[in-house]
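Visitor: My questions will all concern the structure given below.
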Amino acid sequence: MTPGFENLLKGLKSLPGLGHRSAERIALHLLVEKPEGLDALIEILRTAGTSARACSICGNLSEDEKCSICGDEEREQGKICVVERVPDLFAIERSGAFRGRYHVLHGKLSPIRGIGPAKLNFASLRARIEKGEVNELILAIANDIEGEATCHYLSEEIVGDRDMQVSRIGFGIPSGSGVTYADEVTLRSALDARRDFS
Amino acid sequence: MRLLALNLENFRNVEAAGLSFSGQRTFFWGPNGQGKTNLLEAIAFAGVLRSFRFGGAESLVMHDASGASLFHRFQGDDGNESEVLLRFDSKGAKHVELDGERITRLADYVGRFPSVVLSSRDFRLVRDGPGERRRWLDVTLSTSSSAYFQTLRNYHRGLRERNAILKRGGGDAELDAFEASLVPAAVELTRLRREALPELSDLLAERYGTISSSREKASLGYKPDLEDADHATVAGRYLAGRERDRVLGSTRRGPHRDDFRFLLDSRDARHLASEGQQRGLVLALRLAEFSFLRKVCGTIPILLVDDALGELDAERKANFRKLLPDDAQVFATGTIHPAESGDSEAWEVFRVNAGTFELS
């Protein structure tokens with residue numbers, strides 16, 4: 006092994022989801038098997054690294070001050086879907102089920118990991134609400150302990166007494182699946198979230 | 425349910441071993457410190473995915489090995505076979521496969537392969553502090569109900585987060601946010617324990633009646649830390665405790681401080697009962713656990729007897745054997761070969777020597 010190869014391996018292994026073997030495969034691919042693609046990749050990384058930033062309004066990935074969603078005048082203005090992370094936003098976008106705007110918190114409250122309210126993107130959400138541009142908040146946040154606490158904090162501390170509709174996405178049986186195989190907790194929340202059918 | 429085969433790799437002092445069991449009664453025989461209890465521990469692991477012994481997960485893996493694995497083949501009461509594969513690395517991370525499929529939600533798994541451990545150290549359940557009793561109650565009820573398992577997990581997760589806020593000196597808004605889910609979990613946990621204890625208590629009374637020649641009535645008395653069962657009162661208790669908890673840096677009151685007492689004719693057995701009565705009580709508790717799990721899991725648990733007879737005389741041993749349920753598969757350990765101790769049962773005997781096993 007050469008020092009350069011070893012350095013590359015170390016760098017790759019520090020990325021999330023890459024173990025020793027995958028890192029080795031990628032390093033070999035880049036340096037030995039397909040070296041002709043290397044320059045292009047370096048350029049792509051450099052460009053992405055210098056142009057990418059967080060949208061100043063919602064926290065989404067963006068190349069400008071405003072992301073493409075915040076800048077889209079066609080989308081519903083007052084409806085905001087709050088998500089933990091950018092991939093959650095992508096997932097909802099792919100579903101095509103939501104035509105409002107977003108707010109990305111970049112995590113959820115977890116005191117044990119040292120994540121308090123100051124570390125989350127609450128301030129800009131508060132600013133958006135204070136400007137009066139929000140009339141409905143949809144919380145698309147996990148239903149584990151930390152997610153519950155984050156929702157609670159949002160509704161008590163950020164929304165407070167303001168006259169605004171706040172809802173939380175439903176948790177229940179996956180589409181196309183049956184009741185038999187659902188676990189007790191999922192069934193309970195599915196029953197709690199049942200809807201009028203008539 | 426029966427265990428047909430067990431393979432171990434780098435598990436505690438066992439480098440590699442493959443054992444298959446033909447009968448209902450298996451005996452691991454050998455001097456102390458050779459690995460007999462490690463085998464029982466390995467069998468019990470398939471049930472609750474944790475050790476019944478103390479100590480960190482890192483000691484589960486043999487010295488110098490990067491990870492350990494266990495493989496179990498079980499036969500259900502209906503004759504169908506299932507295979508469980510468990511892997512742990514030296515940091516304690518677990519990987520569980522059932523019939524070749526990875527288990528990611530432990531709540532779906534617990535209760536499938538129940539076992540009950542009888543050990544000569546069980547008397548600590550009566551004599552020691554509440555921690556051991558709470559642990560026993562939590563493991564037993566988690567094995568029996570995934571709702572209990574989830575509630576317990578949520579409660580402890582919420583508790584850890586609340587304690588982290590207290591240690592950091594975080595604000596009331598953050599405490600509000602986490603107590604909002606901690607309180608329902610606390611109420612539910614207390615309710616589930618209050619509901620299950622009378623059943624365990626009745627089973628204990630019945631078993632104690634057959635073990636002991638005396639006429640006292642044995643029972644279990646639940647001592648919840650928060651007596652009040654309704655949501656508003658419990659929420660008020662956490663709220664009122666904040667200043668004190670901030671000083672302590674942890675949550676002082678709640679179901680994590682619950683306890684139960686062993687009672688003989690409504691007198692606390694911890695201080696008042698004789699040693700013989702205390703041993704009788706824990707034995708009755710284990711047999712009650714067996715009956716309880718058998719009912720709620722819908723399968724016959726495996727009985728693991730860790731040197732439980734070591735200190736008993738011949739007559740008591742004979743009495744004890746009569747208590748072992750006929751249809752349960754039993755694994756026992758001891759330093760004396762069962763044939764030499766005048767045991768009439770047909771044991772399949774493995775000789776255990778420095779982490780190796782040999783059918784004798």
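Keeping their order, the protein sequence lines are chains A and B.
Positions 6 to 203 (this note's numbering) are the ones given, in order, by the first sequence.
Positions 425 to 784 (this note's numbering) are the ones given, in order, by the second sequence.
Here a beta-carbon is modelled for each residue, glycine too, at the ideal position from N, C-alpha and C.
Is the CB-CB distance between Pro648/B and Thr675/B below 8 Å?
Guide: By one-based count along the second sequence, residue 648/B stands at place 224. By one-based count along the second sequence, residue 675/B stands at place 251. No, the Cβ-Cβ distance between Pro648/B and Thr675/B is not below 8 Å.
Visitor: Within 8 Å (strictly less), CB to CB, does Ser605/B reach chain A?
Guide: By one-based count along the second sequence, residue 605/B stands at place 181. Closer than 8 Å: yes.
Visitor: My guess is that Leu705/B and Val550/B are in contact by the Cβ rule of under 8 Å, so how many angstroms apart are they, rounded?
Guide: Taking the second sequence and counting its residues from 1, one reaches residue 705/B at position 281. Taking the second sequence and counting its residues from 1, one reaches residue 550/B at position 126. Leu705/B to Val550/B, Cβ: 6 Å. Contact.
Visitor: Secondary structure at Lys124/A, three-state DSSP: helix, strand or coil?
Guide: Here residue 124/A corresponds to residue number 119 of the first sequence, with the count starting at 1. Three-state DSSP puts Lys124/A in a helix.
Visitor: By how many angstroms is the C-alpha of Gly779/B removed from the C-alpha of Gln458/B?
Guide: Taking the second sequence and counting its residues from 1, the one referred to as residue 458/B is at position 34. Taking the second sequence and counting its residues from 1, the one referred to as residue 779/B is at position 355. Taking the straight line joining both Cα atoms gives about 6 Å.
Visitor: Give the interface partners of Ile150/A over in chain B, defined as CB-CB distance under 7 Å, in chain order.
Guide: Taking the first sequence and counting its residues from 1, the one referred to as residue 150/A is at position 145. Ordered by position in chain B, the residues that pass the 7 Å Cβ test against Ile150/A are Asn578, Arg581, Gly582, Glu585 and Ser605.
Visitor: Ignore the nearest five residues each way along the sequence and tell me which others in Gln448/B's own chain have a CB closer than 6 Å to its CB.
Guide: Locating residue 448/B in the second sequence gives position 24, counting from the first residue. For Gln448/B, where only same-chain residues beyond five positions count, the Cβ hits under 6 Å are Gln753.
Visitor: Spatial neighbours of Gly152/A within its chain, please: CB distance less than 7 Å, with the 5 preceding and 5 following residues excluded, ordered by chain position.
Guide: In the first sequence, counting from the first residue as 1, residue 152/A sits at position 147. For Gly152/A, where only same-chain residues beyond five positions count, the Cβ hits under 7 Å are Lys113 and Ile146.
Visitor: Is there a C-beta anywhere in chain A that falls below 8 Å from the one on Phe602/B?
Guide: Stepping through the second sequence from its first residue, residue 602/B is reached at position 178. Chain A contact via Cβ: present.
Visitor: Going by DSSP, what residues sit across from Ala441/B in a beta bridge?
Guide: On the second sequence, residue 441/B is found 17 positions in, with the first residue counted as 1. Answer by DSSP bridge pairing, in chain order: Leu432/B.
Visitor: By the criterion of Cβ-Cβ separation under 8 Å, what are the contact partners of Asp532/B in chain A?
Guide: Working through the second sequence from its first residue, we reach residue 532/B at position 108. Ordered by position in chain A, the residues that pass the 8 Å Cβ test against Asp532/B are Asp188.
Visitor: Our contact map puts Leu644/B next to Phe686/B with C-beta atoms below 8 Å; I'd like the distance itself, whole angstroms only.
Guide: As a first step, residue 644/B must be located in the second sequence, where it is residue number 220. As a first step, residue 686/B must be located in the second sequence, where it is residue number 262. About 6 Å; that satisfies the 8 Å criterion.
Visitor: Closest to Arg559/B by CA distance: which of Arg661/B, Ala440/B, Arg617/B and Arg691/B is it?
Guide: Position 135 of the second sequence, counted from the first residue, corresponds to residue 559/B. Selected option, being the one with the closest Cα: Arg617/B.
Visitor: Is the region 103-123 of chain A in contact with the region 72-91 of chain A, if contact means three or more CB pairs nearer than 8 Å?
Guide: Touching, per the Cβ criterion.
Visitor: Kindly indicate if chain A contains any beta-carbon less than 8 Å away from that of Glu598/B.
Guide: Sequence index remark: in the second sequence, residue 598/B carries index 174 (1-based). It does: the Cβ of Glu598/B has a partner Cβ on chain A nearer than 8 Å.
Visitor: Does any C-beta atom of chain A lie closer than 8 Å to the C-beta of Gly594/B?
Guide: In the second sequence, residue 594/B corresponds to position 170, counting from 1. Cβ-Cβ to chain A under 8 Å: yes for Gly594/B.
Visitor: Check the Cβ-Cβ distances between Ser172/A and every residue of chain B, and say whether any is below 8 Å.
Guide: Mapped onto the first sequence, residue 172/A falls at position 167. It does not; no Cβ of chain B falls within 8 Å.
Visitor: Classify Asp188/A as buried or exposed, calling it buried when 16 or more other Cβ atoms lie within 10 Å of its own Cβ.
Guide: Working through the first sequence from its first residue, we reach residue 188/A at position 183. Its Cβ having fewer than 16 others within 10 Å, Asp188/A is exposed.
Visitor: Residues of the region 115-139 of chain A with a CB closer than 7 Å to any CB of chain B: list them in chain order, please.
Guide: So the close ones are Ser115, Pro116, Ile117, Gly121 and Pro122.
Visitor: According to DSSP, what are the bridge partners of Gln702/B?
Guide: On the second sequence, residue 702/B is found 278 positions in, with the first residue counted as 1. Partner(s): none; Gln702/B has no beta bridge.
Visitor: Taking 7 Å as the cut-off, is the CB of Asn431/B close to at least one heavy atom of the ligand MG?
Guide: No copy of the ligand MG appears in this structure; indeed no ligand is present at all.
Visitor: State whether the region 503-521 of chain B contacts the region 645-665 of chain B, with contact taken as three or more CB pairs (one from each stretch) at a distance under 8 Å.
Guide: At 8 Å Cβ cutoff, the stretches do not touch.
Visitor: Take Ser172/A and list the residues in its own chain whose beta-carbon comes closer than 6 Å to its own, dropping the five residues that flank it on each side.
Guide: Against the first sequence, residue 172/A aligns to sequence position 167. For Ser172/A, where only same-chain residues beyond five positions count, the Cβ hits under 6 Å are Ile143.
Visitor: Quick check on this structure: which residue in Val729/B, Ala770/B, Pro749/B and Phe744/B has the alpha carbon closest to the alpha carbon of Thr759/B?
Guide: Residue numbering aside, residue 759/B sits at position 335 when the second sequence is read from its first letter. Selected option, being the one with the closest Cα: Val729/B.
Visitor: Start and end of the alpha helix (DSSP H) containing Ile467/B?
Guide: Taking the second sequence and counting its residues from 1, one reaches residue 467/B at position 43. Element bounds for Ile467/B: Lys460 to Val472.
Visitor: According to DSSP, Val171/A sits in a beta bridge with which residue or residues?
Guide: Sequence index remark: in the first sequence, residue 171/A carries index 166 (1-based). For Val171/A, which the question treats as bridged, DSSP gives the partners Leu142/A.
Visitor: So within the region 59-98 of chain A, which uninterrupted beta strand (DSSP E) runs reach at least 3 residues, ignoring any that extend past its ends?
Guide: Those beta strand (DSSP E) runs which fall completely within the region 59-98 of chain A and span 3+ residues are 84-88.
Visitor: Can you check whether the C-beta of Gly161/A is within less than 8 Å of a C-beta belonging to chain B?
Guide: As a working note, residue 161/A is residue 156 in the first sequence. Checking the sequence, you will find Glu at residue 161/A rather than Gly. For Glu161/A, the answer is yes, since a Cβ of chain B falls inside 8 Å of its Cβ.
Visitor: Do you know whose CA, among Leu599/B, Thr634/B, Ser543/B and Arg639/B, lies nearest Arg666/B's CA?
Guide: On the second sequence, position 242 is the one that residue 666/B refers to. Ranking Leu599/B, Thr634/B, Ser543/B and Arg639/B by Cα distance to Arg666/B puts Leu599/B first.
Visitor: Quick check: is the beta carbon of Glu153/A nearer than 8 Å to any beta carbon in chain B?
Guide: As a working note, residue 153/A is residue 148 in the first sequence. Judged by the 8 Å Cβ criterion, Glu153/A is in contact with chain B.
Visitor: Are the C-beta atoms of Ile527/B and some chain A residue less than 8 Å apart?
Guide: One-based indexing of the second sequence puts residue 527/B at position 103. So no, Ile527/B is outside the interface.
Visitor: Would you call Ser108/A buried or exposed, if buried means 16 or more other Cβ atoms sit within 10 Å of its Cβ?
Guide: For the purposes of this step, residue 108/A is taken as residue 103 along the first sequence, with counting starting at 1. Reading off the sequence shown, one finds His at residue 108/A, where the question assumed Ser. Classification of His108/A: buried, given that the 10 Å Cβ count is 16 or more.
Visitor: So the candidates are Leu66/A, Cys72/A and Pro116/A; which of them puts its Cα closest to the Cα of Pro92/A?
Guide: The residue you call residue 92/A lines up with position 87 of the first sequence. For the residues Leu66/A, Cys72/A and Pro116/A, the minimum Cα distance to Pro92/A belongs to Leu66/A.
Visitor: Just the Cα atoms here: how many angstroms apart are Ser61/A and Arg133/A?
Guide: Position 56 of the first sequence, counted from the first residue, corresponds to residue 61/A. Position 128 of the first sequence, counted from the first residue, corresponds to residue 133/A. Their Cα atoms are separated by approximately 11 Å.
Visitor: Would you identify the three-state DSSP class for Asn456/B, choosing helix, strand or coil?
Guide: Residue numbering aside, residue 456/B sits at position 32 when the second sequence is read from its first letter. Of the three classes helix, strand and coil, the one that applies to Asn456/B here is coil, per DSSP.
Visitor: If we define contact as Cβ-Cβ less than 8 Å, is Tyr158/A a contact residue for chain B?
Guide: Working through the first sequence from its first residue, we reach residue 158/A at position 153. Closer than 8 Å to some Cβ of chain B, the Cβ of Tyr158/A qualifies, so yes.
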